[in-house]
Amino acid sequence: GQQVMQIPQYQHVQEGEDFTTYCNSSTTLSNIQWYKQRPGGHPVFLIQLVKSGEVKKQKRLTFQFGEAKKNSSLHITATQTTDVGTYFCAAGGNNAGNMLTFGGGTRLMVKP
Amino acid sequence: DAGVTQSPTHLIKTRGQQVTLRCSPKSGHDTVSWYQQALGQGPQFIFQYYEEEERQRGNFPDRFSGHQFPNYSSELNVNALLLGDSALYLCASSLREFDTEAFFGQGTRLTVV
Chain U
1 GQQVMQIPQY QHVQEGEDFT TYCNSSTTLS NIQWYKQRPG GHPVFLIQLV KSGEVKKQKR
61 LTFQFGEAKK NSSLHITATQ TTDVGTYFCA AGGNNAGNML TFGGGTRLMV KP
Chain Y
1 DAGVTQSPTH LIKTRGQQVT LRCSPKSGHD TVSWYQQALG QGPQFIFQYY EEEERQRGNF
61 PDRFSGHQFP NYSSELNVNA LLLGDSALYL CASSLREFDT EAFFGQGTRL TVV
């Protein structure tokens, strides 16, 4: 079945430093979604990427979808303590219904 | 507009017992998916319900079953509980017509002892 790998597993940064998490699939993806889960919380949707080479920005967050639609990345500029949490990429299904295959997540810790 | 609601929030069961978890989707959504999230891992897809039928299923045994009601709410049943079933169970709702974001509930934390 479809597998999604995410690295790194953990990342400690000093507040103000940048952060990047990478997501890779062995198969071509129809779309990729990113979610954030705060400690003790539930996944919250951040964005969906659909097109090859797509780049989307949300304030300090930049999301990219690879040209081959097999990889994606999330980059946070100048991290803040509010960015703490686990960031998951999730591959959307090829059929209707939005079955998601999640990566293992990258846990971001920010030192003030 | 209520989001996705799940009940109960926490549950402790004994090995071999059965459990039922409940989910009410976001208003206007017609599709409910269930995920199991073990500690420190990403959510794993269990199954999805649409029009009261199971439409897709992940790699979970038949001990995991579900139901969707005419009002789109859903139940997840797990029989013959194992210690390894201890996890956060997440319900996610979406609109089938659009392959877009899933809205997750706060989850049910199941502990099997």
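So the sequences go chain by chain: U and Y. Numbering-wise, our numbering puts 86 at position 86 of the first sequence, and it's gapless, one number per residue. Numbering-wise, our numbering puts 105 at position 105 of the second sequence, and it's gapless, one number per residue. Backbone N, C-alpha and C define an ideal beta-carbon position, used for all residues, glycine too.
Beta-carbon contacts of Gly58 (chain Y) that lie in its chain and below 7 Å, excluding the five residues immediately before and after: So the list reads Gln44, Phe45, Ile46 and Phe47, once near-sequence residues are dropped.
For Tyr72 (chain Y), would you say it is in contact with chain U, using Cβ-to-Cβ distances shorter than 9 Å as the test? For Tyr72 (chain Y), not one C-beta of chain U is nearer than 9 Å to its own C-beta.
Would you call Thr86 (chain U) buried or exposed, if buried means 16 or more other Cβ atoms sit within 10 Å of its Cβ? Taking a 10 Å sphere around the C-beta of Thr86 (chain U), we find 16 or more other C-beta atoms and assign the residue as buried.
Alpha carbon of Thr115 (chain U) to alpha carbon of His75 (chain U), nearest angstrom: Absent from the model: residue 115 (chain U). The displayed extent of chain U is 1 to 112, so no value can be given.
Using 9 Å as the limit for Cβ to Cβ distance, is Pro39 (chain U) near chain B? Of the chains in the structure shown, none is chain B; the protein chains are U and Y.
In its own chain, which residues sit with a C-beta less than 8 Å from the C-beta of Thr14 (chain Y), not counting the 5 before and 5 after it? Taking C-beta separations shorter than 8 Å and ignoring five residues to either side along the sequence, the partners of Thr14 (chain Y) in its chain run Leu81, Val112 and Val113, following chain order.
Just confirm the distance between the C-beta atoms of Leu90 (chain Y) and Gln37 (chain Y), as a whole number of angstroms; I'd bet it's less than 8 Å. Going by Cβ atoms, the distance from Leu90 (chain Y) to Gln37 (chain Y) rounds to 6 Å, so yes, they are a contact pair.
Is it the case that the Cβ atoms of Gln33 (chain U) and Ala68 (chain U) are separated by a distance below 9 Å? In this structure, Ala68 (chain U) does not lie closer than 9 Å to Gln33 (chain U) by Cβ.
When you compare the CB positions of Leu21 (chain Y) and Asn77 (chain Y), do they come within less than 9 Å of one another, or not? Yes, the Cβ-Cβ distance between Leu21 (chain Y) and Asn77 (chain Y) is below 9 Å.
Checking contacts by CB at 9 Å: is Met109 (chain U) closer than that to chain Y? Cβ-Cβ to chain Y under 9 Å: no for Met109 (chain U).
Can you tell me the Cβ-Cβ gap for Thr79 (chain U) and Asp18 (chain U), rounded? I've got them flagged as a contact below 8 Å. The C-beta distance from Thr79 (chain U) to Asp18 (chain U) rounds to 7 Å, short enough to meet the 8 Å contact threshold.
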